[in-house]
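The structure under discussion appears below in the form of structure tokens.
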Amino acid sequence: MNSALFGEHKTGQLVPIKVNTQDDFAFLPNPLPPTGWIFPNKLWPMLVKAKEALGTLNGSGKNLRDPQLLLSPLGRREAITSSALEGTYATPQELMLFELSPTKPKSESDPANEWKEVYNYYDALKEGGKSLGEGMPFCLRMFKSLHEKLLGGTRHRYTSPGEFRKHQVAIGSDRRYIPPTVDHLDKCLADLEAYINAEHGDLDPLVRAYLAHYQFEAIHPFYDGNGRIGRVLLSLMVYKWCNFKCPWLYMSAYFERYKDEYISKMFKISTDGAWDDWLEFCLRGTIVQAEDAIRRCDALLVLKEDMEKRINDHGGTVRSQRILNGLFSSPFVRVSSLARKLEVAYPTAQEDIDRLVKVGILSQIEGVRPKSYAADEIFAIAYDPAESLR
Numbered sequence: 000m001n002s003a004l005f006g007e008h009k010t011g012q013l014v015p016i017k018v019n020t021q022d023d024f025a026f027l028p029n030p031l032p033p034t035g036w037i038f039p040n041k042l043w044p045m046l047v048k049a050k051e052a053l054g055t056l057n058g059s060g061k062n063l064r065d066p067q068l069l070l071s072p073l074g075r076r077e078a079i080t081s082s083a084l085e086g087t088y089a090t091p092q093e094l095m096l097f098e099l100s101p102t103k104p105k106s107e108s109d110p111a112n113e114w115k116e117v118y119n120y121y122d123a124l125k126e127g128g129k130s131l132g133e134g135m136p137f138c139l140r141m142f143k144s145l146h147e148k149l150l151g152g153t154r155h156r157y158t159s160p161g162e163f164r165k166h167q168v169a170i171g172s173d174r175r176y177i178p179p180t181v182d183h184l185d186k187c188l189a190d191l192e193a194y195i196n197a198e199h200g201d202l203d204p205l206v207r208a209y210l211a212h213y214q215f216e217a218i219h220p221f222y223d224g225n226g227r228i229g230r231v232l233l234s235l236m237v238y239k240w241c242n243f244k245c246p247w248l249y250m251s252a253y254f255e256r257y258k259d260e261y262i263s264k265m266f267k268i269s270t271d272g273a274w275d276d277w278l279e280f281c282l283r284g285t286i287v288q289a290e291d292a293i294r295r296c297d298a299l300l301v302l303k304e305d306m307e308k309r310i311n312d313h314g315g316t317v318r319s320q321r322i323l324n325g326l327f328s329s330p331f332v333r334v335s336s337l338a339r340k341l342e343v344a345y346p347t348a349q350e351d352i353d354r355l356v357k358v359g360i361l362s363q364i365e366g367v368r369p370k371s372y373a374a375d376e377i378f379a380i381a382y383d384p385a386e387s388l389r
């Protein structure tokens, strides 16, 4: 790690270490809150706009009869984009078809490895929200549980899922950043846990969440999966600390779009104490992501009303409406899984699907076996890039 990059305003200490017999340094971040730093006046208008956008989003979510209408596609998009930031890729179609029939990867090169990891990320998000709802605080036990959920049963099983690292790691092939040594790890994590659970009336909770996100990434407590777990925790902190009905805000699509800036701005906190630039970047992203989610929610509601009318105009049944509601949670369906879910015979489930095909709600996916169907209009609104909704 190039120690010359760390100036007088660095936010931690450089600790001498040996890496492969070579002299180097690890970075030991100072505990939060940042010493001598106050939230800058110039960012107040952006913070107000971000909180207004989040308030509108939370209001939109509260007005939904079924929050999963918005929560499921947002969560899956988060899983896909957060994983892509770390070089793990799955398309929305691959993820949802994998969800219908999870399979164990047959080899290291099997693409199911990546589908499984993305699927696990979505599971970790849901587990974290459930744990908070049951009263668990943000704690090291939660960090480990989320990490085990993320990497358990994947090709990363040899990197100790659910356990903090016991050896030194470095980030980047050129060791651009070296996080705290193992003998400092417990203290760093204990300080972070204390900060997360302390009262900080002088800082807006949204700001505090972004400070904590940097700190988690700077500590880098696991062998692998730190970026993804850090972004899961970020979504959960915003949800909990801003008193939302559900975790509506997911930042990974913005971070992935501006990946180089995301990484460099966190690094500049370490080297130069550039908290203002980091928070400006994050608040701008909050506005972008909240407004994107609001547009998707509005479009999904309009589409749902239209699809309900199509069904009713063609003699739809109660079962058809139930299938439609499920499609807004996951716009892919198979006859066999639908028959089990509805507890009807296979031919009956096929007739139900054919009825939805006839009114243009479902279409068969070519080249996929077993036979699968997709609600293309739902899929487009929920998973297409943000620009397609503008």
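Quick note on numbering that gives the first Met the number 0: the sequence shown kicks off at 0 and runs consecutively.
Glycine residues also receive a C-beta, built at the ideal position from the N, C-alpha and C atoms.
Since we're looking at a predicted model, the values are computed, not measured.
Residue state for Phe243 is assigned as coil, using DSSP reduced to three classes. Lys258 carries a helical assignment under DSSP once its states are collapsed to helix, strand and coil.
Residue range Gly11 to Val18 is occupied by the beta strand (DSSP E) that includes Leu13.
The beta carbon of Tyr253 is closer than 6 Å to those of Gly284, Val287 and Gln288 in its chain, skipping five residues each way along the sequence. In the DSSP assignment, Pro28 is bridged to Gly11. Per the C-alpha coordinates, the member of Ile262, Gly366, Cys245 and Lys50 positioned closest to Ser251 is Ile262. A check of alpha carbon separations from Thr34 across Lys9, Pro160 and Ile310 identifies Lys9 as the nearest. When only Cα atoms are considered, Leu70 and Asp383 end up about 16 Å apart. Around Ser269, the same chain offers Phe5, Lys9, Thr10, Gly11, Phe26, Pro28, Tyr176 and Ala217 as residues with beta carbons nearer than 8 Å, after the five sequence neighbours per side are excluded. Under DSSP, no beta-bridge partner is assigned to Gln320. Asp173 has its alpha-carbon roughly 56 Å from the corresponding atom of Ala348. Going by C-alpha positions, Leu300 is about 15 Å away from Ala374. Between Asp276 and Lys258, the C-beta spacing is not below 8 Å. Distance from Val206 to Leu46 at the Cβ level is roughly 7 Å; contact confirmed, criterion being Cβ atoms closer than 8 Å.
In this chain, Tyr209 is not harboured by any beta strand (DSSP E); it is covered by the alpha helix (DSSP H) spanning Pro204 to Ile218. Spatial neighbours of Leu202 in its own chain (CB-CB distance under 8 Å, excluding positions within 5 residues in sequence) are listed in chain order as Pro32, Phe38 and Leu210. For Ala373, the enclosing beta strand (DSSP E) begins and ends at Ser371 to Ala373. If the five residues before and after Asn196 are omitted, its C-beta is found closer than 7 Å to the C-beta atoms of Pro136 and Phe137, all from its own chain and listed in chain order. Cβ neighbours of Glu260 within its own chain (closer than 8 Å, five residues either side excluded): Phe280. Straight-line spacing of the CA atoms in Thr20 and His212 works out to 32 Å. Looking at the DSSP output, Gln363 sits in a beta bridge with Tyr372. One alpha carbon belongs to Gly132, the other to Lys125, and they sit about 11 Å apart. Secondary structure at Val332: strand, using DSSP grouped into helix, strand and coil. In the structure shown, Ile177 falls within a coil segment according to DSSP collapsed to helix, strand and coil.
Boundaries of the alpha helix (DSSP H) around Leu145: Leu139 to Leu150. DSSP places Ile170 within a strand segment (E or B) once states are collapsed to three. Contact check for Ala381 against Arg309 fails: the beta carbons are separated by 8 Å or more. Shown here for Val18: same chain residues with a beta carbon closer than 8 Å to its own, the five before and five after excluded, namely Gln167, Ala169, Arg174 and Ile177 in chain order. Between the beta-carbon of Tyr118 and that of Glu98 there is about 6 Å, and that keeps the pair under the 8 Å contact cut. Per DSSP, the beta-bridge partners of Asp23 are Ile16. In the three-state DSSP reduction, Met135 falls in the coil class, being neither helix nor strand. Pro110 is the residue among Pro110, Lys357 and Thr90 whose C-alpha sits nearest the C-alpha of Arg154.
In this structure, the CA atom of Phe142 is about 20 Å from the CA atom of Lys115.
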